[in-house]
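Chemist: Using numbering that gives the first Met the number 0, read the sequence shown as starting at 0 and increasing by one per residue. Backbone N, C-alpha and C fix where the C-beta goes; we use that ideal spot for every residue, glycine too. Keep in mind the model is a prediction, meaning the values are calculated, not measured.
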Amino acid sequence: MTESSTFDGVLAREWKESFEEIFEGAVDESKPPLKLFQKAYDGAVIATSYAEILLNQALRRYGPDHPVAYPDTGYYLPVIRALSGEAVTKLGELPPILNRMRNQVREELTFYNARLCGEATAYAAEIIEVLRYLNGAQPHVEPWTGFLGDPVVRRYGILLVDWTIPGQAVIVGKAKSTEALAGLVTDLQSKGFMIFLTYEVVEQAIEAGLKLGIDFIAFPTGNFTQVIHAVNYALRAGMAFGGIPPGERQETRDYQRRRVRAFVLQLGPSDEVQVAAHFAAIFLGFPVLVDQELPEDEQIPNWYISHPNYDDMIQVAMEVRGIKLKIVDIPVPITVGPAFEGEVIRKGDMRIEFGGGRTPAFELVEMVGEDEIEDGKIEVVGPEIDDCEEGGSLPLGIVVKIFGRKMQKDFEGVLERRIHYLVNYGEGIWHMAQRDTIWMRISKDAAAKGFKIRHFGDLLVAKLKDEFPSIVDRVQVTLYTDKAQVEEQLARAREFYAARDERLKGLTDEAVDVFYSCILCQSFAPNHCCVVTPERLGLCGAVSWLDSKATYEIDPTGPCRPIAKEGLIDEEKGIWQSVNEYVYLNTNRSVEECSMYSFMDRPMTSCGCFECIMAIMPEANGVMITTREYPGDTPCGMTFSTLAGTVGGGIQTPGFMGHGRAYVLSRKFIRADGGLARLVWMPKELKDFLGDDLRKRAEEEGLGADFVDKIADETVGTTAEEVLPFLEEKGHPALTMDPLM
Ligand code: SF4
Ligand code: ZN
């Protein structure tokens, strides 16, 4: 009781002064929506009572010391962790928390109390849900996702950060018809939204044949309190990317409102518990649109809105939420959006394929002069899709000519790599790899909608101009499908690739005068700043030095700025006065010094979208690396998720650091700490991914090509005890190097 009143007292005062201001004046005090508040109150009572019943059952059965956890997360019960800071691990810790929440469910019908009812309902739902995961149970079958683990939260980090995903739409209930739901979801997907579905809309979505699941950024969480998984996802994004400390309730909500940009669409009638859940959304700063006719005194302007018309429902939700999209008109007969990037087209669903070892195929971006290009021209040289049998293949050469006043030869590769994403965003189009190893497919569905080979050209012209307005003035695309022509052009393309590789080889940190910053992730991690050098790409793996240079050319006021290399302080560790100053000023004065080549001493900060995390392994006097793709245990005793919770959020953590996959191959890889020779463990998948390049690097370092075989992986073991004998047997060099600490 004392605990709960202090808790309420302190925080209530604080948020009235800042975050809570956003609710001021929303309700007309002369006629408050009492019916709505009553439902929220009743719903919160039902939800907390139900949670209590289930919790008591579990306690009787298993006792207070029984462990309670969601799978694959370092954030405990994320709603509770984010809002009150408690790190719940045992059943017995839950009753006082639930009691505290019940105490804040108050009968007096005000907007303020309705929001507290919402918060209590969120806690109740989180507790009800986590009980379903007791004893390692997996309560959901596909396509239902249930709780989404941290790897899924992080997987979309960069897309959330750069607003490719403009927000989160939480759709609850049952739509007027399957078609109506399909219309809403398709619209959201073409706009790039992350979508959560709960209750009957899931069945409707399945019936409509919509693309659902983790790969499509459309999560059918479940049927009831599973809607909480949309909330605990959003709250983890705040802790992971925003560096919001657990328990900062006010800061958490402020972050949610400003960065996560979610809204709720309630379809069909709602019961009391659903209304209470709506107020949980409002509590976090998310507005709710309802498709039912509601009298004015059951609505709250800007927060609880009746909008029965589906045609512009999303438009209205976006306006209320302040989400503006840049609309690009792409003249292709398919939907284009990031939701389709992960789409796989199986052989049976395929109308036609190109490359992948079956036919010669390649892509090339080439900078040309003003007179060598006809803007917007698209040409198919050879057979079109209709000339090819169903399920068959054709050779394909994609040659994109670009003229731009600020275009540079160096940007050819940058733009060429974008082809993968731009094409993959098309629904029913699949693209893999790059250069002369590409493999592409067009699905039967896309072909039935009228998609032709020439549409690759339409897509590329529209998107390249849209994404790179200041370096791309004119685009021309030629699609070769005639075998002889493809082979002729391929030989020419290989000359380009070879010249580019030569240039990249010479591109060392020493060879340039400027590094670049990237602060794109500050939209999510306010104190994070990447310093991108030729030999160290951004930790997300998506931003190389050339990329950041191009980004700066495209938008000099954008996320990447040049940092002149001046005032060398420590050559070995890679510390420069100018870099320090830049980082200090651009991390809200939180990081004073930063080394480029050490993970032990003042390492670079880590936001949340790192491809890999390295961690010191003191027993082996070395370093281990794990990746986002590898879910298992590691010799430092932590999984990727747990490690990510430690290093993320834009802080410096000596001994731990997020980094890109390709950084392992850099000649500057933790050079000051001993370099590649320190590497004692990594997942097998990463080892395979780096492949021969890693062997070459090892040789270059004088470690011998067989050094790679001395690096342990999960097939050797996932604990220090398992790994050490292996390292000793193989004579791993780290064991005899200077002590790391
Ligand atoms: Fe974020 Fe760094 Fe990647 Fe930029 S380079 S997007 S700041 S992780
Ligand atoms: Zn990031």
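In terms of residue numbering, what span does the beta strand (DSSP E) encompassing M616 cover?
Modeler: For the purposes of this step, residue 616 is taken as residue 617 along the sequence shown, with counting starting at 1. First-last of the beta strand (DSSP E) with M616: 611 to 616.
Chemist: Among Y515, A461, W302, whose alpha-carbon lies nearest the alpha-carbon of E23?
Modeler: Numbered from 1 along the sequence shown, position 24 holds the residue referred to as residue 23. Closest by C-alpha distance to E23, out of Y515, A461, W302, is W302.
Chemist: List the whole-angstrom C-beta distance separating G156 from T641, where the pair is believed to meet the contact cut-off of C-beta under 8 angstroms.
Modeler: The residue labelled residue 156 in the question sits at position 157 within the sequence shown. The residue labelled residue 641 in the question sits at position 642 within the sequence shown. Contact doesn't hold; Cβ gap of about 17 angstroms is too wide.
Chemist: Going residue by residue through the stretch 113 to 168, where are the continuous alpha helix (DSSP H) segments of at least 4 residues, counting only ones entirely within it?
Modeler: Entirely contained in the stretch 113 to 168, the alpha helix (DSSP H) runs reaching 4 residues are, in chain order, 149 to 154, 156 to 160.
Chemist: Could you check which residue in F262, T251, N222 has the C-alpha nearest to that of I194?
Modeler: By one-based count along the sequence shown, residue 194 stands at place 195. Closest by alpha carbon: F262.
Chemist: Just the Cα atoms here: how many angstroms apart are A50 and W143?
Modeler: Translated into the one-based positions of the sequence shown, residue 50 becomes position 51. Translated into the one-based positions of the sequence shown, residue 143 becomes position 144. The C-alpha of A50 lies about 22 angstroms from the C-alpha of W143.
Chemist: Should C520 be listed as close to the ligand ZN, given that the test is whether its C-beta is under 6 angstroms from any heavy atom?
Modeler: For the purposes of this step, residue 520 is identified with residue 521 of the sequence shown, where counting begins at 1. At least one heavy atom of the ligand ZN is nearer than 6 angstroms to the Cβ of C520, so yes.
Chemist: Please list the terminal residues of the continuous alpha helix (DSSP H) segment that includes I194.
Modeler: Here the question's residue 194 lines up with position 195 in the sequence shown. No alpha helix (DSSP H) holds I194; the beta strand (DSSP E) holding it covers 193 to 197.
Chemist: Measuring straight from C-alpha to C-alpha, what distance separates M740 and G703?
Modeler: Within the sequence shown, numbered from 1, the residue matching residue 740 stands at position 741. Within the sequence shown, numbered from 1, the residue matching residue 703 stands at position 704. C-alpha separation (whole angstroms): 26 angstroms.
Chemist: Could you tell me which residues DSSP puts in a beta bridge with V398?
Modeler: For this step, residue 398 is matched to residue 399 along the sequence shown. Its beta-bridge partners are L363, T477.
Chemist: Below 6 angstroms CB to CB, which residues in the same chain sit around V471 once its five sequence neighbours on both sides are set aside?
Modeler: Along the sequence shown, one-based indexing puts residue 471 at 472. Counting only Cβ-Cβ distances below 6 angstroms, and skipping sequence neighbours, we find I401, G403, L463, K464.
Chemist: If you follow the beta strand (DSSP E) that L678 is in, where does it begin and where does it stop?
Modeler: Here residue 678 refers to the residue found at position 679 when the sequence shown is read from its first residue. Per DSSP, L678 belongs to the beta strand (DSSP E) from 678 to 680.
Chemist: Whose CA, out of L196, K323, A39, E247, lies closest to the CA of V104?
Modeler: For this step, residue 104 is matched to residue 105 along the sequence shown. Comparing Cα-Cα distances from V104 to each of L196, K323, A39, E247, the minimum goes to A39.
Chemist: On the three-pair Cβ rule with 8 angstroms, is the stretch 89 to 106 touching the stretch 51 to 61?
Modeler: The stretch 89 to 106 and the stretch 51 to 61 touch, with no fewer than 3 CB-CB distances between them shorter than 8 angstroms.
Chemist: When you measure from the CB of G537 to every non-hydrogen atom of the ligand SF4, does any distance come out below 6 angstroms?
Modeler: What you label residue 537 is simply residue 538 of the sequence shown in a count that begins at 1. Yes, Cβ of G537 sits closer than 6 angstroms to a heavy atom of the ligand SF4.
Chemist: Starting from the Cα of N620, find the closest Cα among L723, S543, V513 and give me that residue.
Modeler: Locating residue 620 in the sequence shown gives position 621, where the first residue counts as 1. The shortest Cα separation from N620 among L723, S543, V513 belongs to L723.
Chemist: In this structure, does DSSP put Q249 in helix, strand or coil?
Modeler: Position 250 of the sequence shown, counted from the first residue, corresponds to residue 249. In the structure shown, Q249 sits in a helix (DSSP, three-state: H, G or I).
Chemist: Buried or exposed: E2, going by 16 or more other Cβ atoms within 10 Å of its Cβ?
Modeler: Taking the first residue of the sequence shown as 1, we reach residue 2 at position 3. Note that E2 scores 27 on pLDDT, short of 50, meaning its location in the model is unreliable; the coordinates nonetheless yield the value given after this. Exposed is the call here.
Chemist: Compare the beta carbon distance of A204 and L187 with 7 angstroms and say whether it is the shorter of the two.
Modeler: In the sequence shown, residue 204 corresponds to position 205, counting from 1. In the sequence shown, residue 187 corresponds to position 188, counting from 1. Taking 7 angstroms as the Cβ cut-off, A204 and L187 do not qualify as a contacting pair.
Chemist: Using the Cα positions of P330 and Q576, report the straight-line distance between them to the nearest angstrom.
Modeler: Start at 1 with the first residue of the sequence shown, and residue 330 comes out as number 331. Start at 1 with the first residue of the sequence shown, and residue 576 comes out as number 577. In this structure, the alpha-carbon of P330 lies about 50 angstroms from that of Q576.
Chemist: Do K363 and V398 have their C-beta atoms closer together than 7 angstroms?
Modeler: By 1-based counting over the sequence shown, the position of residue 363 is 364. By 1-based counting over the sequence shown, the position of residue 398 is 399. According to the sequence as given, residue 363 is Leu; it is not Lys. A distance below 7 angstroms separates the beta carbons of L363 and V398.
Chemist: Is it the case that the stretch 499 to 516 contacts the stretch 375 to 383, given that we only count it when at least three CB pairs across the two stretches are under 8 angstroms?
Modeler: The stretch 375 to 383 vs the stretch 499 to 516: no contact.
Chemist: Since S640 is in the alpha helix (DSSP H), which residue starts that stretch and which ends it?
Modeler: Within the sequence shown, the letter at position 641 stands for residue 640. 639 to 646 is the span of the alpha helix (DSSP H), which, as asked, contains S640.
Chemist: For the ligand ZN, I want to know if C559 counts as a neighbour, meaning its beta carbon is within less than 6 angstroms of at least one of the ligand's heavy atoms.
Modeler: Your numbering for residue 559 matches position 560 in the sequence shown. Every heavy atom of the ligand ZN is 6 angstroms or more from the Cβ of C559, so no.
Chemist: Under 6 angstroms from any heavy atom of the ligand SF4, does the C-beta of C635 make it?
Modeler: Against the sequence shown, residue 635 aligns to sequence position 636. Every heavy atom of the ligand SF4 is 6 angstroms or more from the Cβ of C635, so no.
Chemist: Evaluate D705 with the Cβ neighbour count: other Cβ atoms within 10 Å of its Cβ, from every protein chain shown; 16 or more gives buried, anything less gives exposed.
Modeler: Position 706 of the sequence shown, counting from 1, holds the residue named residue 705. Flag for D705 reads exposed.
Chemist: In terms of residues, what are the limits of the beta strand (DSSP E) holding V531?
Modeler: For the purposes of this step, residue 531 is taken as the residue at position 532 of the sequence shown. Element bounds for V531: 529 to 531.
Chemist: Taking the CB atoms as reference points, tell me whether Y496 and R434 lie closer together than 7 angstroms.
Modeler: As a first step, residue 496 must be located in the sequence shown, where it is residue number 497. As a first step, residue 434 must be located in the sequence shown, where it is residue number 435. Yes; because the gap between Cβ atoms is below 7 angstroms, this pair is in contact.
Chemist: Going by other Cβ atoms of all chains shown within 10 Å of its Cβ, with 16 needed for buried, is L545 buried or exposed?
Modeler: Residue 545 sits at position 546 when you count from the first residue of the sequence shown. Buried, because 16 or more other Cβ atoms sit within 10 Å of the Cβ of L545.
Chemist: Mapping DSSP to helix, strand and coil, what is S547?
Modeler: Numbered from its first residue, the sequence shown carries residue 547 at position 548. Reduced to three states, the DSSP call for S547 is helix.
Chemist: Please name the residue or residues paired with D569 in a DSSP beta bridge.
Modeler: Working through the sequence shown from its first residue, we reach residue 569 at position 570. Checking the DSSP bridge columns, you'll see D569 partnered with I574.
Chemist: Identify whether C593 lies in helix, strand or coil by the three-state DSSP scheme.
Modeler: Residue 593 sits at position 594 when you count from the first residue of the sequence shown. Reduced to three states, the DSSP call for C593 is coil.
Chemist: Just the C-alpha distance for P300 and T334, rounded to the nearest angstrom, thanks.
Modeler: Translated into the one-based positions of the sequence shown, residue 300 becomes position 301. Translated into the one-based positions of the sequence shown, residue 334 becomes position 335. Cα-Cα distance, rounded: 33 angstroms.
Chemist: Taking F278 as the reference, give the member of D500, P359, D41 with the closest Cα.
Modeler: Indexing the sequence shown from 1 puts residue 278 at position 279. If we check each option's Cα against that of F278, D41 comes out closest.
Chemist: State the beta-bridge partners of V263 as determined by DSSP.
Modeler: Along the sequence shown, one-based indexing puts residue 263 at 264. In the DSSP output, where bridge partners are listed per residue, V263 has V169, V287.
Chemist: Apart from the five residues on each side of it in sequence, which residues of its chain come closer than 6 angstroms, Cβ to Cβ, to A43?
Modeler: Position 44 of the sequence shown, counting from 1, holds the residue named residue 43. Cβ neighbours of A43 within its own chain (closer than 6 angstroms, five residues either side excluded): V104, C116, A119, T120, A275.
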